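K.L.:
In my numbering, the protein residues as written are 243 to 460.
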Ligand code: 5RP
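1. Would you kindly check if the distance between the Cβ of residue 322 and the Cβ of residue 301 is under 8 Å?
2. Nearest by alpha-carbon distance to residue 362: which of 324, 337, 268 is it?
3. From the DSSP output, which residues share a beta bridge with residue 438?
4. If you count every other CB in all the chains shown that lies within 10 Å of the CB of residue 274, and 16 or more means buried, which is it?
5. Report all residues from its chain with a CB closer than 7 Å to the CB of residue 401; omit the five preceding and five following residues, and keep chain order.
6. Leaving out the 5 sequence neighbours to the left and right, which residues in its chain are closer than 7 Å to residue 347 when beta-carbon positions are compared?
7. Could you tell me which residues DSSP puts in a beta bridge with residue 357?
8. When the Cα atoms are used, what is the spatial distance from residue 263 to residue 290?
9. Do you know how far the Cα of residue 430 is from the Cα of residue 387?
10. Whole angstroms are fine: how far does the CA of residue 312 sit from the CA of residue 382?
11. Can you tell me the Cβ-Cβ gap for residue 376 and residue 433, rounded? I've got them flagged as a contact below 8 Å.
12. Using alpha carbons as the reference points, say which of 374, 364, 380 lies closest to residue 395.
13. Can you pull the DSSP bridge partners for residue 373?
14. Measuring only the C-alpha atoms, how far is residue 248 from residue 357?
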């Protein structure tokens, strides 16, 4: 859905990629357009090193001959999609189940550029179920503990969805996903990571029918 808007956002963000940069490379359908566009630039001689946020994005990068290296300490800009974002640049991520690596890369990047179509905006986060990655060990109990925070939670694909890290994803439906929940959920033993990304995004590239809107997050 909104493929053209996703592509518009990805193409605009690509203008910020410069020679010799080390860049985070996200996961999902919007990130796909970014990777595809990046491969064209690499073909024309652009030199970058990519740090992909999932096995799938790594495979894509390799298939497009985009150099990949995980032993990079200084990441210039991370480029990734999001499932929902609010007025303050808080995000929900993990629709593709890659939230752990996505958060590690975003946290360790000087800039984090988020590429989305118009539908991802909400004044307050409430549309997209919050993904939480949990260890399989005693995961039924972990789910119960998460539900005590006031949501309806379920294992993605009845535990058939396994993350790149060998874990389950629990999708949590809150009436409103208060960004403050991030630390509360993370305190629960068994929780590996929470799909709330606070204070990480520095720019949002929002594709619209009229072009790309760039929102600077202060
Ligand atoms: C994957 C993610 C994606 O960035 C998010 O799901 C958005 O995907 P898309 O660009 O396909 O809408 O967080 O874990």
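By construction, the Cβ of each residue, glycine as well, lies at the ideal position given by its N, Cα and C atoms. Everything numeric in this text was worked out from a predicted model, so none of it was measured.
P.N.:
Taking the coordinates as given:
1. Taking the chain shown and counting its residues from 1, the one referred to as residue 301 is at position 59. Taking the chain shown and counting its residues from 1, the one referred to as residue 322 is at position 80. Taking 8 Å as the Cβ cut-off, residue 301 and residue 322 do not qualify as a contacting pair.
2. Taking the chain shown and counting its residues from 1, the one referred to as residue 362 is at position 120. Among 324, 337, 268, the Cα nearest to that of residue 362 is on 324.
3. Numbered from its first residue, the chain shown carries residue 438 at position 196. For residue 438, which the question treats as bridged, DSSP gives the partners 334.
4. In the chain shown, residue 274 corresponds to position 32, counting from 1. Buried: at least 16 other Cβ atoms inside 10 Å.
5. Residue 401 sits at position 159 when you count from the first residue of the chain shown. Only 410 meet the Cβ criterion.
6. If you number the chain shown from 1, residue 347 lands on position 105. Only 266, 293, 295, 317, 320 meet the Cβ criterion.
7. As a position in the chain shown, residue 357 is number 115, starting the count at 1. Paired residue(s): 447.
8. For the purposes of this step, residue 263 is identified with residue 21 of the chain shown, where counting begins at 1. For the purposes of this step, residue 290 is identified with residue 48 of the chain shown, where counting begins at 1. C-alpha separation (whole angstroms): 5 Å.
9. Residue numbering aside, residue 387 sits at position 145 when the chain shown is read from its first letter. Residue numbering aside, residue 430 sits at position 188 when the chain shown is read from its first letter. Roughly 7 Å separates the two Cα atoms.
10. Within the chain shown, the letter at position 140 stands for residue 382. Within the chain shown, the letter at position 70 stands for residue 312. Cα-Cα distance, rounded: 33 Å.
11. Here residue 376 refers to the residue found at position 134 of the chain shown. Here residue 433 refers to the residue found at position 191 of the chain shown. Between residue 433 and residue 376 the Cβ distance is about 6 Å, and since that is below 8 Å, they are a contact.
12. To locate residue 395, count along the chain shown from 1; it is residue 153. Ranking the options by Cα distance to residue 395, first place goes to 374.
13. Your numbering for residue 373 matches position 131 in the chain shown. The partner list for residue 373 (beta bridge, DSSP) reads 413.
14. Position 6 of the chain shown, counting from 1, holds the residue named residue 248. Position 115 of the chain shown, counting from 1, holds the residue named residue 357. So the alpha carbons of these two residues sit roughly 7 Å apart.
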